[in-house]
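Some notes on the structure that comes next.
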Amino acid sequence: MAQATMTLFGATRNEIYFVAFLIAMTLLGTYVGDIGEAVARLLYRRR
91 MAQATMTLFG ATRNEIYFVA FLIAMTLLGT YVGDIGEAVA RLLYRRR
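Per my numbering, the very first residue in the sequence shown carries number 91; after that it's consecutive.
Written out as structure tokens, the structure is:
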């Protein structure tokens, strides 16, 4: 009988998607934070 859910490293597909989502949000947050820091530094210098 075939398995209903695909497993990879003992994790279901939904768990893998959830971890990928968390990693993507972390990377996006870091990127947005870097841009915000650069803009704040630019505005601080212009004063």
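Where a beta carbon is used, it is the ideal one built from N, C-alpha and C, also for glycine.
Computed from a prediction, not measured in an experiment: that's the story for all the values here.
Worksheet item: Can you give the Cα-Cα distance for Leu-132 and Leu-117, rounded to whole angstroms?
Response: 23 angstroms
Practice prompt. Could you pull the start and end residues of the alpha helix (DSSP H) that Gly-119 belongs to?
Written response: 103-136
Fill in: Span separating the alpha-carbon of Gly-123 from that of Ile-106
Approximately 26 angstroms, taken between the alpha carbons.
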